[in-house]
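**Q**
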Amino acid sequence: MQSSQPRDRRARSQRPSGILGARLPLAPPPGYRCDNVNPFDTSELLKARDRLLAGDVVAIPTETVYGLAASIESEAGLRKIFATKERPFFDPLIVHVASFAQARTLVKDWPPVADFLARFFWPGPLTIVLPKAETVNPLITSGLSSVAIRYPSHPVAQDLIKLAAVPLAAPSANKFGKTSPSRAEHVRAEFPGIDLLVLDGGDCEVGVESTVVEINVLSEDESEVRILRPGGVTEEMIRETLEKFSRSVRVVRAESPVAPGHLKHHYMPPVPLVILPEDEPTPLSLRRRTQLQSDLKTNELRNTSELVLNQDPEQAARELYSEMRRLAEEGADLLFIRAPRDRSGLWSAIWDRLTRAASLNLS
25 MQSSQPRDRR
35 ARSQRPSGIL
45 GARLPLAPPP
55 GYRCDNVNPF
65 DTSELLKARD
75 RLLAGDVVAI
85 PTETVYGLAA
95 SIESEAGLRK
105 IFATKERPFF
115 DPLIVHVASF
125 AQARTLVKDW
135 PPVADFLARF
145 FWPGPLTIVL
155 PKAETVNPLI
165 TSGLSSVAIR
175 YPSHPVAQDL
185 IKLAAVPLAA
195 PSANKFGKTS
205 PSRAEHVRAE
215 FPGIDLLVLD
225 GGDCEVGVES
235 TVVEINVLSE
245 DESEVRILRP
255 GGVTEEMIRE
265 TLEKFSRSVR
275 VVRAESPVAP
285 GHLKHHYMPP
295 VPLVILPEDE
305 PTPLSLRRRT
315 QLQSDLKTNE
325 LRNTSELVLN
335 QDPEQAAREL
345 YSEMRRLAEE
355 GADLLFIRAP
365 RDRSGLWSAI
375 WDRLTRAASL
385 NLS
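Per our numbering, the very first residue in the sequence shown carries number 25; after that it's consecutive.
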């Protein structure tokens, strides 16, 4: 008979515990590059820790996208996140932890359904929103009564949080509303000319932001899980997991200001992105180009490039932001993509990012 207890994903995946962990298998994770961070030398992590504790920000790798991190205990660091990103104060930040114990210090209560989901999906691309503890700085939560928490799986992020001995607030390391960075060089290109320490942990394994769920305890026997943002943990995975939970849980899709990235336009590339019908012929007809010029209020479209995604959704998510950036850097003045047919599973997160990144949706 199959056990109803949640499996320990960390044991199953046998992820490395990190370069500061006692169980370190002295080898970097897949895709890890040592341009800036030597996995056998903690000097860069120590430098990053010192900057964080002094009220500075540091760009860190996670499995989703690169984040611009500050200590949650540093008012100066938190304000520098908003200033560096040009981020409005109404958009809350996600707090990154390196243990369940750290997560519990940030909330008023840690309900059983939160613990159940966390034991399946942490460390990993799932953010859990719960009523915040009084000690959480309102800058992090945009004055809201809840806080968003995630336990990232990337060993560099974990090690830095452990070394700093404090959770880190870390939105994506890019200007507000623009395309998220999935490589260290994306961060450097986003913030030229400023003294920003970037810890290079290789290409992001997931490539799109975390799934955000808000948990509401309705009664002793019933809870509600609201999916506020699709991401690396799919709705199907959440529903399948909660079937094993001993109490009734309702899963719904919703939008809310408690989730970052909830604005209509977000993740936008350097040049306009247009979503066209799935059966749109290519190359684009003169009639279509003329229509796009009119709709986008531009005089001329000299170089239109199609954004073509891998048919494997995991690979498509991993490459999405990099491809947007690459095509723009190669001189495209317009990107277009034909709407994906499948919008289930991880495609739901990809479609969410595309619709918010698009200047125009004609699908």
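No residue lacks a Cβ here, since even glycine has one placed at the ideal position from N, Cα and C.
1. How would you label residue 182, buried or exposed, when you count the other beta carbons within 10 angstroms and need 16 or more for buried?
2. Can you tell me where the beta strand (DSSP E) holding residue 155 begins and where it ends?
3. To the nearest angstrom, how far is it from the Cα of residue 131 to the Cα of residue 172?
4. With a 10 Å radius around its C-beta and 16 neighbouring C-beta atoms as the bar for buried, classify residue 226 as buried or exposed.
5. Grab me the residues of residue 148's own chain with a C-beta within less than 6 Å of its C-beta, minus the 5 sequence neighbours each way, in chain order.
6. Rounding to the nearest angstrom, what Cα-Cα distance links residue 277 and residue 67 in this structure?
7. Measuring straight from C-alpha to C-alpha, what distance separates residue 84 and residue 180?
8. Hey, residue 213 and residue 252: beta-carbon distance below 8 Å or not?
9. I need the straight-line Cα distance from residue 47 to residue 159, nearest angstrom please.
10. Need the endpoints of the alpha helix (DSSP H) that residue 73 sits in, please.
11. So residue 389 packs on residue 106, CB below 8 Å; how close in whole Å?
12. Do you know offhand how far residue 122's Cα is from residue 174's?
13. DSSP on residue 169, reduced to helix/strand/coil?
14. With three or more C-beta pairs closer than 8 Å as the rule, is the stretch 337-348 touching the stretch 311-324?
15. Closest to residue 374 by C-alpha separation, out of 385, 353, 272 and 333, would be which residue?
16. Report yes if the C-beta distance between residue 257 and residue 249 is below 8 Å; otherwise report no.
17. Distance check for residue 381 and residue 322, CA to CA, integer angstroms please.
18. Just tell me which of 367, 242 and 299 has its CA closest to the CA of residue 275.
**A** Considering the structure as presented:
1. The count along the sequence shown starts at 1 and reaches residue 182 at position 158. Buried, since its Cβ has 16 or more Cβ neighbours within 10 Å.
2. In the sequence shown, residue 155 corresponds to position 131, counting from 1. Per DSSP, residue 155 belongs to the beta strand (DSSP E) from 150-155.
3. In the sequence shown, counting from the first residue as 1, residue 131 sits at position 107. In the sequence shown, counting from the first residue as 1, residue 172 sits at position 148. Rounded to whole angstroms, residue 131 to residue 172 spans 9 Å at the Cα level.
4. Within the sequence shown, residue 226 is the residue found at index 202, counting from 1. Its Cβ being crowded by 16 or more others within 10 Å, residue 226 is buried.
5. Locating residue 148 in the sequence shown gives position 124, counting from the first residue. Hits under 6 Å: 177.
6. Position 253 of the sequence shown, counting from 1, holds the residue named residue 277. Position 43 of the sequence shown, counting from 1, holds the residue named residue 67. The alpha-carbon atoms of residue 277 and residue 67 are separated by roughly 44 Å.
7. To locate residue 84, count along the sequence shown from 1; it is residue 60. To locate residue 180, count along the sequence shown from 1; it is residue 156. Residue 84 and residue 180: Cα-Cα distance of roughly 8 Å.
8. As a position in the sequence shown, residue 213 is number 189, starting the count at 1. As a position in the sequence shown, residue 252 is number 228, starting the count at 1. No, Cβ-Cβ distance for residue 213 and residue 252 is not below 8 Å.
9. Position 23 of the sequence shown, counted from the start, is the residue given in the question as residue 47. Position 135 of the sequence shown, counted from the start, is the residue given in the question as residue 159. Per-residue confidence for residue 47 stands at a pLDDT of 28, beneath the threshold of 50, marking its modelled position as unreliable; no derived number is given.
10. The sequence position of residue 73 within the sequence shown is 49, counting from 1. 67-77 is the extent of the alpha helix (DSSP H) around residue 73.
11. Nothing about residue 389 can be reported from this structure: the residues present for the chain run from 25 to 387 only.
12. Within the sequence shown, the letter at position 98 stands for residue 122. Within the sequence shown, the letter at position 150 stands for residue 174. Between residue 122 and residue 174, the C-alpha separation is close to 9 Å.
13. Walking along the sequence shown from the start, residue 169 turns up at place 145. If DSSP states are grouped into helix, strand and coil, residue 169 belongs with coil.
14. no
15. Locating residue 374 in the sequence shown gives position 350, counting from the first residue. Closest option to residue 374, Cα to Cα, is 333.
16. Your numbering for residue 257 matches position 233 in the sequence shown. Your numbering for residue 249 matches position 225 in the sequence shown. It is not a contact, given that the beta carbons lie outside the stated cut-off.
17. As a first step, residue 322 is located in the sequence shown; it is residue number 298 there, counting from the start. As a first step, residue 381 is located in the sequence shown; it is residue number 357 there, counting from the start. The alpha-carbon atoms of residue 322 and residue 381 are separated by roughly 18 Å.
18. One-based indexing of the sequence shown puts residue 275 at position 251. That would be 242, whose Cα lies nearest to the Cα of residue 275.
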